[in-house]
Each structure stands twice: as structure tokens, then as C-alpha cells.
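Numbering that gives the first Met the number 0 puts the first residue of the sequence shown at 0, with every later residue one more than the last.
Glycine is no exception: its CB is placed at the ideal position from the N, C-alpha and C atoms.
Treat the numbers as computed from the prediction; the structure is a model and nothing was measured.
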Amino acid sequence: MVKTGKRSEMIRVALDSLGCKLNQAETELLARQLAAAGYQLVSPVD
């Protein structure tokens with residue numbers, strides 16, 4: 000989380016996987032790790 004003044008905001012991150020199933024699996028793993036670390040996952044178009 001990022002503290003800005005008196006409030007805390009989650010850092011938002013978007014992941015977009017292109018290519019083979021291995022790339023997709025690695026992207027899913029990274030997404031789980033980022034979520035566990037407190038990042039907010041958002042759609043790449045947000």
C-alpha cells in the first residue's frame with residue numbers, strides 16, 4: 000500500500016498475457032503473488 004497523506008491506497012497493477020499457455024501460466028502465478036503482496040489487480044483496459 001502507498002500512504003498518501005492520511006489515507007492508504009492500494010497500488011493498482013494490470014497484467015496482459017500474450018502468447019502461449021506457458022506465458023499465461025506465468026502471468027497467473029505473478030498475479031497471485033502480486034495480490035498476496037497487497038497489490039490491487041485491475042483489467043488492462045481500466
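State the Cα-Cα distance for the pair Thr26 and Glu8, rounded to the nearest angstrom. Here the alpha carbons of Glu8 and Thr26 stand approximately 24 Å from one another.
What residue does the alpha helix (DSSP H) around Tyr30 start on, and which one ends it? This sequence places Ala at residue 30; Tyr is not what is there. First-last of the alpha helix (DSSP H) with Ala30: 20-35.
So what does Val12 bridge to, in DSSP terms? Beta-bridge pairing links Val12 to Leu40.
How long is the line joining the alpha carbons of Leu17 and Leu29, rounded to whole angstroms? Looking at the two C-alpha atoms, the distance is approximately 14 Å.
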